[in-house]
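Colleague: Residue numbers (the numbering used here), protein chains in the order written: chain H, 285 to 402; chain W, 783 to 898. Cβ atoms here follow ideal geometry from the backbone N, Cα and C, with glycine treated the same way. Every value quoted in this text rests on a predicted model; they were computed, and no experiment measured them.
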Amino acid sequence: NAGVTQTPKFQVLKTGQSMTLQCAQDMNHEYMSWYRQDPGMGLRLIHYSVGAGITDQGEVPNGYNVSRSTTEDFPLRLLSAAPSQTSVYFCASRLSGTSGLSSYNEQFFGPGTRLTVL
Amino acid sequence: AQKVTQAQTEISVVEKEDVTLDCVYETRDTTYYLFWYKQPPSGELVFLIRRNSFDEQNEISGRYSWNFQKSTSSFNFTITASQVVDSAVYFCALSSSGSNFNKFYFGSGTKLNVKP
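#1: Distance, Cα to Cα, H:Arg378 vs W:Thr809?
#2: Leaving out five residues before and five after W:Thr860 in sequence, what residues of the same chain have Cβ atoms less than 6 Å from its Cβ?
#3: Could you give the first and the last residue of the continuous beta strand (DSSP E) run that contains W:Cys874?
#4: Going by Cα to Cα distance, which pick from W:Pro898, W:Lys820, W:Ser864, W:Asp811 is closest to W:Glu775?
#5: Can you list the residues of chain B that H:Tyr332 reaches, using a CB-CB cut of under 8 Å?
#6: Name the two residues that bound the continuous beta strand (DSSP E) containing H:Met303.
#7: Helix, strand or coil, according to DSSP, for W:Lys852 in the structure here?
#8: Which residues in chain H sit within 9 Å of W:Phe829, going by Cβ to Cβ distance?
#9: Less than 8 Å between the C-beta atoms of H:Thr304 and H:Arg352, yes or no?
#10: Tell me the DSSP secondary structure of H:Leu385 in three-state form.
#11: Apply the 10 Å Cβ neighbour rule to H:Gly384 and answer buried if 16 or more other Cβ atoms are within range, or exposed otherwise.
#12: I want to see whether chain W comes within less than 8 Å of H:Gly335, judged by CB atoms only; does it?
#13: Under 8 Å, Cβ to Cβ, is there at least one residue of chain H near W:Glu841?
#14: Rounded C-beta distance between H:Phe393 and W:Leu827? I'm assuming under 8 Å.
#15: Tell me the rounded alpha-carbon separation between W:Val786 and H:Leu402.
#16: Please compile the residues from chain H whose C-beta is within a distance smaller than 7 Å of the C-beta of W:Phe850.
#17: Can you tell me whether H:Asn285 is buried or exposed, with buried defined as 16 or more other CB within 10 angstroms of its CB?
#18: Expressed to the nearest angstrom, what Euclidean distance is found between the alpha-carbon atoms of H:Gly396 and W:Thr854?
#19: Enumerate in chain order the residues of its own chain whose CB-to-CB distance from W:Tyr887 is below 6 Å, with the five nearest sequence positions on each side excluded.
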């Protein structure tokens, strides 16, 4: 298993450009999510998905779009990049389980994408 | 509101010293989950432990131990006889039941420097 993969590893954009960060997992996980990591702020949830066709907003969704057409893929789109979106982006996945105590599963994280917006 | 506070921004110790990383959480849910992750200088996130709110037993795994105290809303992490390879940023995280089940809240992290 490759686990959670992310492409690209590094990206530099100019303000106003658009791009898509790719995320894929081969563990048949229902749940996938995107985070951004900024210095001194930990990781913050952008969007998440509990299955194909189902997405929802996290803590910092503005400026980002997502869709989930397959179980394996969960791309993150920046429609018009801004310098405030300079960050390291992590994708994660896990088995959804239920809200029962014993079935909350750990998240597996991808290696991250370092994005700079000039 | 869900919140995780890691008040220690950076800690430096000398190899073989013991070190405790603090984590204080806030949640109104009675069922919740706490996690610790390690982020070494290479940048990946490594899962260390998961606890649920009904399991207050402390846990030990080799040189690592965790102290979960609901009375003080804390989930502290101790490394015994630290080693240079323990140098990393450590994150505490929280998720809970109900509407917050699919949301993960991270603390700001504690950077641990272990000097030889």
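Modeller: According to the structure shown:
#1: 22 Å
#2: Thr802, Ser847
#3: 870-878
#4: Outside the displayed range of chain W (783 to 898) lies residue 775 of chain W, so it cannot be described from this structure.
#5: Checking the listed chains, one finds no chain B in this structure; the protein chains it contains are H and W.
#6: 303-309
#7: helix
#8: Glu390, Gln391, Phe392, Phe393
#9: no
#10: Legend: pLDDT at H:Leu385 = 44, less than 50; position of this residue unreliable, no value from coordinates given.
#11: Because the pLDDT of H:Gly384 is 46, which lies under 50, any placement of that residue in the model is unreliable, and the number read from its coordinates should be weighed accordingly. Burial call: exposed.
#12: no
#13: no
#14: Under the criterion of beta carbons closer than 8 Å, H:Phe393 and W:Leu827 qualify as touching, at roughly 4 Å.
#15: 32 Å
#16: In chain order: nothing, as chain H lies at least about 14 Å away.
#17: Burial is judged here by how many other beta carbons sit within 10 angstroms of a residue's own beta carbon; H:Asn285 has fewer than 16 and is exposed.
#18: 34 Å
#19: Gln784, Val786, Leu876
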